[in-house]
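Protein sequences appear in the order of chains A and B.
Going by my numbering, the first sequence opens with residue 30, and the numbers climb by one from there.
Going by my numbering, the second sequence opens with residue 131, and the numbers climb by one from there.
Note that beta-carbon positions come from the ideal geometry of N, C-alpha and C, so glycine has one too.
Being a predicted model, the structure only gives us computed values, none of them experimental.
So the structure is just underneath, and the comments pick up after that.
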Amino acid sequence: MSILVQRSDVGEFRRRYRWMVLICLAAFLVLFCRLVLLQVIQGDYYRAQARRNIVREIKLATRRGVIRDAEGRVLAANRPSYNVYVVPSELNLEQTWPRVVQFLGAQPAEANLLRQKIVDASKDDRRKDQQLLLLVDVDRDVVALLETHEDELHGVEVVPVPVRNYPHGEIGAHLLGYMREVDADDLTELESRGYHPGDRIGAVGIERRWESYLRGKRGSRKTIRAKRRMAHREELEAKYLDEPRMIRPVPGRDISLTIDVELQQSIEKAMRGQLAGAAVVVDVRTGRILAASSKPSYDPSIVSGGQGIDATRDAFRRLYADPLKPMLDKTISAAYPPGSTFKPFTALAALEEGIIDSATEVDCHGGYEYGRRFFRCTGVHRRVHLHEALVQSCNSYFYAIGAHERMQIDRLAKTGMSFGLGIKTGIGTNPEARGRMPTRSWYVRRYKGAFRGGFTLLSAIGQGAATVTVLQLALSYAALANGGTLYQPQVVRSIETSDGTIVQEFPPRVKRLITIDPGHLSMIRSGLRGVVHEKTGTAHAETVEGASMAGKTGTAQVSHVTPRGVDPGKVWYFNRDHAWFAGYAPAEAPEIAIVVLVEHGGGGGKNAVPVASRVVRDWLKLRERERTPHQTAREAANEEEGT
Amino acid sequence: MVSPGRISFRSGPQIDMVLLLCSVAIATFGIVNLYSATSVYIESSRSGIADIYVSQVYWIVVGGLIAILAAAIDYRHLERLAYFFYFGGLVALTLVFVLATDIRGSSRWIQVGSFGFQPSEFIKILLIIVLAKYLHNDPRTEPRKWVDLAVPILLTAVPAALVMAQPDLGTAMIYVLTAATIIGMVRIRRSSLFWGAVIGGTVVSLSWKLVLRDYQKARITSFLDPEHDVTGTGWHALQSRTAIGNGGLTGSGFMSGTQNQFGFLPDQFSDFPFAVFAEDWGLLGCAALLAAYCFLCIWAIHIASQAKDRFGAALAVGVGAMIFWHAFFNMGMAMGVLPVVGITLPLFSYGGSSVLTVMVGLGLLMNVSMRR
Numbered sequence: 030m031s032i033l034v035q036r037s038d039v040g041e042f043r044r045r046y047r048w049m050v051l052i053c054l055a056a057f058l059v060l061f062c063r064l065v066l067l068q069v070i071q072g073d074y075y076r077a078q079a080r081r082n083i084v085r086e087i088k089l090a091t092r093r094g095v096i097r098d099a100e101g102r103v104l105a106a107n108r109p110s111y112n113v114y115v116v117p118s119e120l121n122l123e124q125t126w127p128r129v130v131q132f133l134g135a136q137p138a139e140a141n142l143l144r145q146k147i148v149d150a151s152k153d154d155r156r157k158d159q160q161l162l163l164l165v166d167v168d169r170d171v172v173a174l175l176e177t178h179e180d181e182l183h184g185v186e187v188v189p190v191p192v193r194n195y196p197h198g199e200i201g202a203h204l205l206g207y208m209r210e211v212d213a214d215d216l217t218e219l220e221s222r223g224y225h226p227g228d229r230i231g232a233v234g235i236e237r238r239w240e241s242y243l244r245g246k247r248g249s250r251k252t253i254r255a256k257r258r259m260a261h262r263e264e265l266e267a268k269y270l271d272e273p274r275m276i277r278p279v280p281g282r283d284i285s286l287t288i289d290v291e292l293q294q295s296i297e298k299a300m301r302g303q304l305a306g307a308a309v310v311v312d313v314r315t316g317r318i319l320a321a322s323s324k325p326s327y328d329p330s331i332v333s334g335g336q337g338i339d340a341t342r343d344a345f346r347r348l349y350a351d352p353l354k355p356m357l358d359k360t361i362s363a364a365y366p367p368g369s370t371f372k373p374f375t376a377l378a379a380l381e382e383g384i385i386d387s388a389t390e391v392d393c394h395g396g397y398e399y400g401r402r403f404f405r406c407t408g409v410h411r412r413v414h415l416h417e418a419l420v421q422s423c424n425s426y427f428y429a430i431g432a433h434e435r436m437q438i439d440r441l442a443k444t445g446m447s448f449g450l451g452i453k454t455g456i457g458t459n460p461e462a463r464g465r466m467p468t469r470s471w472y473v474r475r476y477k478g479a480f481r482g483g484f485t486l487l488s489a490i491g492q493g494a495a496t497v498t499v500l501q502l503a504l505s506y507a508a509l510a511n512g513g514t515l516y517q518p519q520v521v522r523s524i525e526t527s528d529g530t531i532v533q534e535f536p537p538r539v540k541r542l543i544t545i546d547p548g549h550l551s552m553i554r555s556g557l558r559g560v561v562h563e564k565t566g567t568a569h570a571e572t573v574e575g576a577s578m579a580g581k582t583g584t585a586q587v588s589h590v591t592p593r594g595v596d597p598g599k600v601w602y603f604n605r606d607h608a609w610f611a612g613y614a615p616a617e618a619p620e621i622a623i624v625v626l627v628e629h630g631g632g633g634g635k636n637a638v639p640v641a642s643r644v645v646r647d648w649l650k651l652r653e654r655e656r657t658p659h660q661t662a663r664e665a666a667n668e669e670e671g672t
Numbered sequence: 131m132v133s134p135g136r137i138s139f140r141s142g143p144q145i146d147m148v149l150l151l152c153s154v155a156i157a158t159f160g161i162v163n164l165y166s167a168t169s170v171y172i173e174s175s176r177s178g179i180a181d182i183y184v185s186q187v188y189w190i191v192v193g194g195l196i197a198i199l200a201a202a203i204d205y206r207h208l209e210r211l212a213y214f215f216y217f218g219g220l221v222a223l224t225l226v227f228v229l230a231t232d233i234r235g236s237s238r239w240i241q242v243g244s245f246g247f248q249p250s251e252f253i254k255i256l257l258i259i260v261l262a263k264y265l266h267n268d269p270r271t272e273p274r275k276w277v278d279l280a281v282p283i284l285l286t287a288v289p290a291a292l293v294m295a296q297p298d299l300g301t302a303m304i305y306v307l308t309a310a311t312i313i314g315m316v317r318i319r320r321s322s323l324f325w326g327a328v329i330g331g332t333v334v335s336l337s338w339k340l341v342l343r344d345y346q347k348a349r350i351t352s353f354l355d356p357e358h359d360v361t362g363t364g365w366h367a368l369q370s371r372t373a374i375g376n377g378g379l380t381g382s383g384f385m386s387g388t389q390n391q392f393g394f395l396p397d398q399f400s401d402f403p404f405a406v407f408a409e410d411w412g413l414l415g416c417a418a419l420l421a422a423y424c425f426l427c428i429w430a431i432h433i434a435s436q437a438k439d440r441f442g443a444a445l446a447v448g449v450g451a452m453i454f455w456h457a458f459f460n461m462g463m464a465m466g467v468l469p470v471v472g473i474t475l476p477l478f479s480y481g482g483s484s485v486l487t488v489m490v491g492l493g494l495l496m497n498v499s500m501r502r
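As structure tokens, this is what we get:
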């Protein structure tokens, strides 16, 4: 049957066929070229990309180094804490999730928030296969529950994360420092050094200064992201993983300090009656810091995040609002006028210049006239020589030195600076205040050309513009005690591997040898001894029994500017002068230098002396014990492990 | 048995062995590849997916039977029934809106018994037939004006608008491109071409503003700027490119491509089977597959050029164009040279409606070839 009458003209189409063939060929050629580009030219790139897709690198946590005191007692260590992660694509929200909520003991509102977080992540192709951080520092009981039911909780992972822990709490907190989480700014700089978001880094103190040693190095382990073919995991790993498949983590170095935590505790105890202050004990034979304390303090475990982020935030809010400035390391980060504790250095300068000798006598009638001004003394001391002037802290005697035509303010500054006053010590744990030994040119600059002789008189008694830090003063008294050796302060004695092998030791370093005439020095030291041991001595009455020491009291005048946020009823406290005691012990054959500053402790050093003498007494006891054979805590621990 | 390549068929029409072998080769590649693409699921809880290559074989067998039917009945009968089929198809397409089941936010399926079918797939064939009929009945010697093409444009625009509303951008695009290829066979005035381009541009930009859904826009923008978004749509394109690149020159080997085996390829049995193939077989395998598709398309043009009437020629070009645009777009999107729109790869992608449509198309091609 003829269905269709041939009536169409096929010719109209004919001219198109060649074009169609050409277009078709061209199109497939384009695709072919693209394939050559993808598969051959960029093949290596995409092969690497595909490999990255299936290989998962698991970070292996390292252990931060432990910080110990001189006797091997732990000052900073790590406590295990547990974070809960989920893998959204593997977690069954209908069956597994309610069990998880039950084990976590989460409130419905909280549970809903967490659930939403998981749902959001599971919608994202990139994130759904990755660990999602759900909760930090989960309770031990919860961890135990989750781990017992591990088999039923597919897609839930409990990951141990060590948290920094400071067993001695507030004791020595400023020196040790604390940890903080790295922020985005740090990361731009630190990412190349292996830091990741969420990592913790030493914020201040030893933790910050020795971060690179303490930190350690993360390890890693490669695994296959086998979602469906778990059965052949080993086979797959052999096929797809490059060597090395595992890099072991390197634990951080342990650090042994020169600090004696018992001495540190003794300071803490002796300061109990005071609101704020600082104290430093240095070994005069080495420059090693045996104790350094700043009050009020803070608990580094809490501010390091050991009790959760809320506790940390609250702690910081409270600490920064406190007018007593608990976050400030008052041993090195703040400078105070040295007051009368500077007098030994004035005396040394005068002796060296030949302005005074042991026979020089000044008549103190309660002060000193200089030009049209009257410079007050602490009392009426009558006829005083150098010895009595130091013992009774007679200002008039030192005003006379300052007023002498051959005594320049620069000479006083030079002596002070040769003992390290007004110069950064370079201890490096915390930001250091430089302090100041004012010179003539400093005053000229400061007061627009008007230098007055009275400035020299003020400098001679340690007032005026002179400021020092507690640590500087301790090192300078150590130099007085050891005959003129100014040491570089040291707080780290050695660095060890985690098994106790010493990697690096830090021998004492002398900063400068100060030339002092032995005759001059013995005059000064006899004066300093008299301050404590003679009836008329300014420290005599407050010194506790059994503390053999020598030193000088002092008053640091406070400018009457009330700090912000202080209750008006407490202004009287903030207007009180600071009390100093700087000295060394034992008086005859000194081994330690001690400086105590009681903030707003009142004039004449009354409140600083008992603190210092109690610490010295405790130190003497500790020294007694040390001389009898004993084990350090580290040795004891090692022995226990061995048995 | 007369000459090689031709077998006598009831002493009348001859089977086109080239077309047959080429189709069988592609279908075989397709089934083998589908096995690899779904082998991931063998040991999983969704092991049902691992068996879809068997269903694909069933569909190809069923499609083959229909294709024999489509080849056996003289294509010129279709000419008379063209409008009847066409409007029937439109009715089915409209019914989708009433009866459809939602899949991923778009309704394309009508459920009949235990399996669903997609009217929008079959419309492709019906559109080719109706356009072929129109051109067959409208022979001219002088170049055509704009108005002369109003009817075929309308015939294309109606189903295209309907599938756009489903929404199914890819299928609408296939309609338009296939129809444009068929209409492109006739001579058109230069000025009409110019205005066509202007109006086309306006329609595209208006539809961007008014018709396209956000996810469709996202696919296109992420294609234009792939680095911008590597988590959403761009992610699929990136993983597909990675799979293809991972294949290298010789491929990872059958069922050994990691991108596929570890589940990084999205829709690996419907939208991205080419990425699976490229990863397993490398550039060499891909070259063979490209050659097969290219040859099939050129052979369709060859059949058209040999056709004895305008209807047959337009029919052959239409089927060839349909296969060409599907293959070009699907592979192009897998390679990252074209945006990701859901267009299947003929005989490679899993899907009953898609397989049946292609098989019917091949049957018609055979039909024209046998009756030159």
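In the DSSP assignment, find the alpha helix (DSSP H) that holds residue i and state where it starts and stops.
| i | result |
| --- | --- |
| Q131(A) | T125 to L133 |
| P249(B) | P249 to H266 |
| R81(A) | G72 to I83 |
| I338(A) | I338 to A350 |
| W673(A) | Given a span of 30 to 672 for chain A in the structure shown, any question on residue 673(A) remains unanswerable. |
| N460(B) | R440 to M465 |
Which residues in chain A sit within 7 Å of residue i, going by Cβ to Cβ distance?
| i | result |
| --- | --- |
| G326(B) | Those do not exist, as G326(B) stays about 16 Å from chain A at its closest Cβ, beyond 7 Å. |
| R317(B) | E41 |
| N497(B) | The contacting residues do not exist; N497(B) stays about 13 Å from chain A at best. |
Does DSSP put residue i in a helix, a strand or coil?
| i | result |
| --- | --- |
| M147(B) | helix |
| R343(B) | coil |
| M496(B) | helix |
| S285(A) | strand |
| N636(A) | coil |
| Y516(A) | strand |
| I374(B) | helix |
| V360(B) | Legend: pLDDT at V360(B) = 48, less than 50; position of this residue unreliable, no value from coordinates given. |
Chain B partners of residue i, CB-CB under 7 Å?
| i | result |
| --- | --- |
| I83(A) | T388 and F392 |
| L89(A) | What L89(A) touches in chain B: nothing, since even the nearest Cβ is about 23 Å away. |
Return the residue from the list the options that minimises the CA-CA distance to residue i.
| i | options | result |
| --- | --- | --- |
| A373(B) | G442(B), A348(B) and L413(B) | L413(B) |
| D439(A) | R412(A), G482(A), F404(A) and G400(A) | G482(A) |
| A56(A) | Q346(B), G491(B), G462(B) and L492(B) | G462(B) |
| R128(A) | T91(A), N82(A), D180(A) and I83(A) | D180(A) |
| A305(A) | R646(A), V640(A) and D647(A) | V640(A) |
What does residue i reach in chain B if we use C-beta pairs closer than 8 Å?
| i | result |
| --- | --- |
| L60(A) | L420, F458, M461, G462, M465 and V467 |
The beta strand (DSSP E) that contains residue i, what's its start and end?
| i | result |
| --- | --- |
| A307(A) | G306 to D312 |
| I384(A) | Element bounds for I384(A): n/a, residue is neither H nor E. |
Determine the chain A residues that contact residue i at a beta-carbon separation under 8 Å, and present them in chain order.
| i | result |
| --- | --- |
| R371(B) | L67 and Y75 |
For the ligand PLP, is there any heavy atom lying closer than 7 Å to the beta carbon of residue i?
| i | result |
| --- | --- |
| F610(A) | No copy of the ligand PLP occurs in the structure displayed, which carries no ligand at all. |
**Item:** Members of the stretch 63 to 74 of chain A near chain B, C-beta cut-off 8 Å
**Value:** Residues R63, L64, V65, L67, Q68, V69, Q71, G72 and Y74.
**Item:** Members of the stretch 94 to 126 of chain A that neighbour chain B once the beta carbon cut-off is set at 8 Å
**Value:** Cβ contacts with chain B come from no residue of the stretch 94 to 126 of chain A.
**Message:** Counting only Cβ-Cβ distances shorter than 9 Å, please list the residues of the stretch 394 to 427 of chain B near chain A, keeping chain order.
**Reply:** Interface annotation for the stretch 394 to 427 of chain B against chain A: F394, P396, A408, E409, G412, L413, C416, A417, L420, A421, Y423, C424 and C427, criterion Cβ-Cβ distance under 9 Å.
**Asked** Using Cβ-Cβ distances below 9 Å, what residues of the stretch 434 to 446 of chain B are close to chain A?
**Response** Listed by position along the chain: A434, S435, A437, K438, D439, R440, F441, G442, A443 and A444.
**Asked** In chain order, what residues of the stretch 205 to 221 of chain B put their CB closer than 7 Å to some CB of chain A?
**Response** Listed in sequence order: R206, H207 and E209.
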